[in-house]
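2 protein chains.
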Amino acid sequence: MTDQPSWKRAVTSHDVARRAGVSRAAVSRTFTPNASVSEQTRQKVMKAAEELGYRVNFLARSLINQRSDLVGLVAAGLDNPFRTMQIDQLTRGLLARDLRPILLPTSRSEDVGRFIEHLLQYSVSGVIITSDAPPTQLCEECASNGIPIVLINKGEDIAMVDRVVNDDAAAGRAAADYFFDAGHRRLAVMAAPHLSYTGRQRRKAFIARSDELGAALDVIDVPINDYQSGFESAETLDRRGVEVLFCVNDYMACGVVDGLARLGRDRSEAGVKIIGHDDIPQAAWGAYQLTTFAQPCDLQANAAIDFLASRIADPSVPARLATTPIHLIQRASA
Amino acid sequence: MTDQPSWKRAVTSHDVARRAGVSRAAVSRTFTPNASVSEQTRQKVMKAAEELGYRVNFLARSLINQRSDLVGLVAAGLDNPFRTMQIDQLTRGLLARDLRPILLPTSRSEDVGRFIEHLLQYSVSGVIITSDAPPTQLCEECASNGIPIVLINKGEDIAMVDRVVNDDAAAGRAAADYFFDAGHRRLAVMAAPHLSYTGRQRRKAFIARSDELGAALDVIDVPINDYQSGFESAETLDRRGVEVLFCVNDYMACGVVDGLARLGRDRSEAGVKIIGHDDIPQAAWGAYQLTTFAQPCDLQANAAIDFLASRIADPSVPARLATTPIHLIQRASA
DNA sequence: AATTGTCATGTACACGTGTACAAAATGTCA
DNA sequence: TGACATTTTGTACACGTGTACATGACAATT
Numbered sequence: 001m002t003d004q005p006s007w008k009r010a011v012t013s014h015d016v017a018r019r020a021g022v023s024r025a026a027v028s029r030t031f032t033p034n035a036s037v038s039e040q041t042r043q044k045v046m047k048a049a050e051e052l053g054y055r056v057n058f059l060a061r062s063l064i065n066q067r068s069d070l071v072g073l074v075a076a077g078l079d080n081p082f083r084t085m086q087i088d089q090l091t092r093g094l095l096a097r098d099l100r101p102i103l104l105p106t107s108r109s110e111d112v113g114r115f116i117e118h119l120l121q122y123s124v125s126g127v128i129i130t131s132d133a134p135p136t137q138l139c140e141e142c143a144s145n146g147i148p149i150v151l152i153n154k155g156e157d158i159a160m161v162d163r164v165v166n167d168d169a170a171a172g173r174a175a176a177d178y179f180f181d182a183g184h185r186r187l188a189v190m191a192a193p194h195l196s197y198t199g200r201q202r203r204k205a206f207i208a209r210s211d212e213l214g215a216a217l218d219v220i221d222v223p224i225n226d227y228q229s230g231f232e233s234a235e236t237l238d239r240r241g242v243e244v245l246f247c248v249n250d251y252m253a254c255g256v257v258d259g260l261a262r263l264g265r266d267r268s269e270a271g272v273k274i275i276g277h278d279d280i281p282q283a284a285w286g287a288y289q290l291t292t293f294a295q296p297c298d299l300q301a302n303a304a305i306d307f308l309a310s311r312i313a314d315p316s317v318p319a320r321l322a323t324t325p326i327h328l329i330q331r332a333s334a
Numbered sequence: 001m002t003d004q005p006s007w008k009r010a011v012t013s014h015d016v017a018r019r020a021g022v023s024r025a026a027v028s029r030t031f032t033p034n035a036s037v038s039e040q041t042r043q044k045v046m047k048a049a050e051e052l053g054y055r056v057n058f059l060a061r062s063l064i065n066q067r068s069d070l071v072g073l074v075a076a077g078l079d080n081p082f083r084t085m086q087i088d089q090l091t092r093g094l095l096a097r098d099l100r101p102i103l104l105p106t107s108r109s110e111d112v113g114r115f116i117e118h119l120l121q122y123s124v125s126g127v128i129i130t131s132d133a134p135p136t137q138l139c140e141e142c143a144s145n146g147i148p149i150v151l152i153n154k155g156e157d158i159a160m161v162d163r164v165v166n167d168d169a170a171a172g173r174a175a176a177d178y179f180f181d182a183g184h185r186r187l188a189v190m191a192a193p194h195l196s197y198t199g200r201q202r203r204k205a206f207i208a209r210s211d212e213l214g215a216a217l218d219v220i221d222v223p224i225n226d227y228q229s230g231f232e233s234a235e236t237l238d239r240r241g242v243e244v245l246f247c248v249n250d251y252m253a254c255g256v257v258d259g260l261a262r263l264g265r266d267r268s269e270a271g272v273k274i275i276g277h278d279d280i281p282q283a284a285w286g287a288y289q290l291t292t293f294a295q296p297c298d299l300q301a302n303a304a305i306d307f308l309a310s311r312i313a314d315p316s317v318p319a320r321l322a323t324t325p326i327h328l329i330q331r332a333s334a
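Top to bottom, those sequences are chains H and D. To convert, note that position 128 of the first sequence is 128 in the UniProt record's numbering; the numbers rise steadily by one, no gaps. To convert, note that position 324 of the second sequence is 324 in the UniProt record's numbering; the numbers rise steadily by one, no gaps.
What follows is the structure in structure tokens.
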């Protein structure tokens with residue numbers, strides 16, 4: 001026989017059709033949901049497909065459908081553990097819906113141009129962006145090519161672009177209230193004033209609520225909301241005599257804790273009280289025990305994927321916005 | 001004109017050809033490396049392509065080339081920060097070579113069947129596997145379809161499958177030597193005896209070297225090499241009076257440190273000395289300061305991608321093995 | 001029995017590209 | 001200039017699939 005034991009070439013729908021004694025169209029219909037096939041031929045086709053080890057070629061299918069079921073996942077700063085949680089949830093969610101995630105980690109914004117090529121050349125069905133830096137160019141390019149976009153925790157509201165955002169305003173306010181209710185009249189907040197939309201929102205809300213309450217306020221600016229910045233800022237905190245601090249994310253808060261410890265300011269005795277945000281795994285680690293606002297990245301992922309899926313189905317729906325609730329987790333740090 | 005301002009349909013090589021006044025083949029050749037085109041027509045084509053915003057449709061190209069430039073990235077346990085470092089390096093390396101990573105996080109091994117479908121249906125150019133659980137079925141299936149595979153830190157040596165492994169034996173030995181040279185005659189190692197190939201190797205080498213040195217040895221088994229296991233095992237360490245411990249990874253070591261701290265056994269005063277492995281970011285954090293073996297995941301990623309690329313070019317090369325060196329990083333924990 | 005409607009099936013084309021082959025153009029040398 | 005080698009170009013087919021359309025089978029209705 002011409003039956004090669006080695007993988008000479010992939011088995012196609014044509015082969016299955018011949019073996020099952022039906023037309024190639026019948027095979028195609030068998031593997032297409034909501035297509036019209038009689039139960040009898042479906043059986044025959046399935047049997048033949050099974051025997052030959054047939055799999056539909058998604059490249060060919062995508063070519064015809066103008067849709068690849070690939071989804072671009074643009075994320076920045078995998079160093080922040082929260083990002084890992086996000087992409088973990090997102091990839092699982094996408095795979096559960098038979099969408100395949102292409103991971104595109106951005107370090108410098110210059111990558112973005114290359115990413116656009118990657119995405120458009122593969123006719124991705126959609127793009128989910130978690131990056132810090134606002135890739136407006138990428139958005140425009142995708143939009144003008146009719147590729148659905150969902151932004152997670154980003155500010156720009158663009159026509160036809162869905163967004164999922166954390167309730168940062170609530171977090172900022174709640175943090176200020178928490179400290180105030182505990183009797184403190186001098187508060188502090190640490191954040192990067194120019195990067196990270198979500199960090200800016202939390203910072204803004206904390207400052208606003210602080211003012212409302214009439215509390216004194218230290219605003220500590222850092223270049224980036226990361227561990228290193230937190231660590232190095234400990235000295236500033238010490239110098240200014242800060243007693244309670246809202247750190248706009250846990251990643252940086254861990255740095256603050258370690259930085260203070262290095263200066264000998266242990267927080268078990270009357271040290272600095274700290275509230276963080278995100279509830280990264282490390283926030284629960286014994287050395288930190290951060291009181292923090294949990295950000296429901298599972299809900300966010302689901303919401304984002306829902307948005308994406310529905311917009312893939314109907315690209316003309318108006319832009320939507322989902323705000324996910326926060327949840328205070330009390331630990332030893334405050 | 002029929003010029004729609006909206007994105008009615010993507011611009012194809014046909015459009016470019018017409019505009020440039022050449023045949024469609026000329027366009028194709030312009031965008032195919034090492035194809036025969038005169039400089040003059042290339043210029044014309046590039047100009048027309050620029051004006052129309054043309055991009056090669058990779059789905060169509062892949063269909064004809066039987067190769068998609070997509071690479072499956074099968075990884076488990078994104079909770080371990082080392083995994084994040086790995087996929088970060090791998091995705092960047094792949095993108096730098098114009099390969100696109102499809103991320104497939106495995107939690108249960110049952111996913112594997114579904115992943116195989118994902119991978120084969122898209123005619124991925126190759127697969128890189130970092131998963132703990134040995135997906136032998138996935139390997140076989142890919143191999144029988146002629147898809148190159150590279151394993152990172154896995155044991156199975158399979159025909160035609162390249163591997164990149166950390167020098168676990170050296171790490172295990174060096175850890176034992178380190179403690180012995182410091183004067184300790186009773187050593188301990190903590191690891192999951194059934195999971196994680198790489199952990200087993202380190203454990204084995206540590207035990208062997210211990211025996212050679214004639215040191216007493218505590219072998220502490222855990223179900224998984226994770227933070228939680230480390231944390232919970234602190235009590236066992238305390239009960240057995242362990243003084244020095246080799247933890248087969250940092251993730252677990254962090255748990256041990258926290259677990260011991262909870263029991264009041266601070267390591268600043270004569271506490272348990274700990275050596276970890278991987279040099280995850282948290283190992284350098286102030287609260288832990290782990291002495292550890294750095295695993296060069298950048299080298300590993302490059303080696304893996306080199307293997308993959310060369311095997312894509314020539315699938316018939318015999319299986320290769322790269323062993324990456326470790327590097328001791330001394331901090332306060334030992 | 002004749003008519004109508006429903007549904008399964010096959011044929012033929014389309015998706016956008018790479019490339020074998022032949023034809024044409026160009027360059028080289030006597 | 002003619003003969004020949006080399007390069008460039010165009011034509012035609014292939015990749016593997018989804019689906020519009022027409023055809024035919026079969027049940028339901030009159």
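Even for Gly, the Cβ is constructed at its ideal location relative to N, Cα and C.
- Can you tell me whether DSSP reads H:Val-256 as helix, strand or coil? helix
- Establish whether the CB of H:Ser-38 and some CB of chain D are separated by less than 8 angstroms. no
- When D:Gly-113, D:Leu-73, D:Asn-80 and D:Ser-107 are compared against D:Ile-128, the one with the closest alpha-carbon: D:Leu-73
- What are the residues that DSSP puts in a beta bridge with D:Cys-297? Paired residue(s): none; D:Cys-297 is not in a bridge.
- Touch check for the region 20-27 of chain H and the region 40-59 of chain H: three-plus C-beta pairs under 8 angstroms? yes
- Please determine, among H:Leu-103, H:Thr-12, H:Ser-131 and H:Gly-155, the residue with the shortest C-alpha to C-alpha distance to H:His-118. H:Leu-103
- Measuring CA to CA, which of H:Thr-91, H:Ser-13 and H:Arg-18 is closest to H:Asn-57? H:Ser-13
- Task: Drop a sphere of 10 angstroms on the beta-carbon of H:Asp-3, count the other beta-carbons inside from all chains shown, and report buried for 16 or more, exposed for fewer.
- Result: Below a pLDDT of 50, predicted positions are generally treated as unreliable, and H:Asp-3, at 34, falls in that range; no measurement from the model is reported.
- Query: To which residues of the same chain is D:Gln-137 closer than 8 angstroms at the C-beta, ignoring the five residues directly before and after it?
  - Reply: Val-112, Gly-113 and Ile-116
- Proximity below 8 angstroms, CB of H:Ala-301 to CB of H:Leu-70: no
- By Cβ distance, which residues of its chain are closer than 7 angstroms to H:Ser-125, with the 5 residues on each side in sequence left out? Arg-67, Ser-68, Asp-69, Leu-70, Val-71, Leu-99 and Ile-312
- Does the Cβ-Cβ distance between H:Gly-286 and H:Asn-249 come in under 8 angstroms? no
- At 8 angstroms on the CB atoms, spell out the chain D contacts of H:Ile-102, in chain order. Leu-70, Arg-100, Pro-101, Ile-102 and Leu-103
- May I ask you to verify whether the region 203-213 of chain D touches the region 223-241 of chain D, counting CB pairs closer than 8 angstroms and requiring at least 3? no
- Item | contact_flag[the region 207-221 of chain H, the region 180-195 of chain H] where n(CB pairs < 8 angstroms) is 3 or more | yes
- Task: Assuming D:Ala-60 and H:Leu-63 form a contact by the criterion Cβ under 8 angstroms, report the distance between their Cβ atoms to the nearest whole angstrom.
- Result: 6 angstroms
- Span of the beta strand (DSSP E) around H:Phe-100: Position check: residue 100 of chain H holds Arg in this sequence, whereas Phe was assumed. Taken as a continuous stretch (DSSP letters only), the beta strand (DSSP E) holding H:Arg-100 covers 100-106.
- Query: Can you list, in chain order, the residues of its chain whose CB lies under 6 angstroms from that of D:Asp-221, leaving out five sequence neighbours each side?
  - Reply: Pro-193
- is_contact[D:Pro-315, chain H] using C-beta, thresh 8 angstroms: no
- Item | Burial state of H:Pro-223, where buried means 16 or more other Cβ atoms lie within 10 Å | exposed
- Query: Which whole-angstrom value describes the C-beta separation of H:Gly-230 and H:Gly-255, a residue pair presumed to lie in contact below a C-beta threshold of 8 angstroms?
  - Reply: 3 angstroms
- Evaluate D:Gln-86 with the Cβ neighbour count: other Cβ atoms within 10 Å of its Cβ, from every protein chain shown; 16 or more gives buried, anything less gives exposed. buried
- Message: Considering only the alpha carbon of each residue, which of D:Asn-166, D:Asn-145 and D:Ser-144 lies closest to D:Leu-151?
- Response: D:Asn-166
- Backbone secondary structure at H:Thr-292 - three-state DSSP: strand
- Message: Given a cut-off of 8 angstroms on the beta-carbon distance, is the pair D:Gln-295 and D:Asp-278 in contact?
- Response: yes
- Message: For chain D, check one thing: does any of its Cβ atoms lie closer than 8 angstroms to the Cβ of residue 354 of chain H?
- Response: Here chain H comprises residues numbered 1 to 334, so residue 354 of chain H is not present and cannot be evaluated.
- Item | 6 angstroms CB neighbourhood of D:Ser-333 in its chain, flanking five on each side removed | Ile-274, Gln-289, Leu-290 and Thr-291
- Query: Under 9 angstroms Cβ-Cβ, which residues of chain H neighbour D:Val-56?
  - Reply: Gln-121
- Query: What did DSSP end up calling D:Leu-263 once you bin it into helix, strand or coil?
  - Reply: coil
- Can you pull the chain D residues whose beta carbon is under 9 angstroms from the beta carbon of H:Glu-51, in chain order? Neighbours of H:Glu-51 on chain D: none; closest Cβ ~15 angstroms, over 9 angstroms.
- Give the residues of chain D in contact with H:Pro-296, contact being defined as C-beta atoms less than 9 angstroms apart. Per Cβ cutoff of 9 angstroms: no residues; H:Pro-296 is ~17 angstroms from chain D at best.
- Message: For H:Gly-53, tell me which candidate among H:Ser-38, H:Asp-15, H:Ala-35 and H:Gly-241 has the shortest Cα-Cα distance.
- Response: H:Asp-15
- Query: Any Cβ of chain H within less than 8 angstroms of the Cβ of D:His-118?
  - Reply: yes
- Task: Step through the CB atoms of chain H and report whether any lies within less than 8 angstroms of the CB of D:Leu-299.
- Result: no
- Query: Excluding the five sequence neighbours on either side, which residues of its own chain have a C-beta within less than 6 angstroms of the C-beta of H:Glu-141, listed in chain order?
  - Reply: Ile-116
- Count the other CB atoms within 10 Å of the CB of D:Ala-76; is the residue buried (16 or more) or exposed (fewer)? buried
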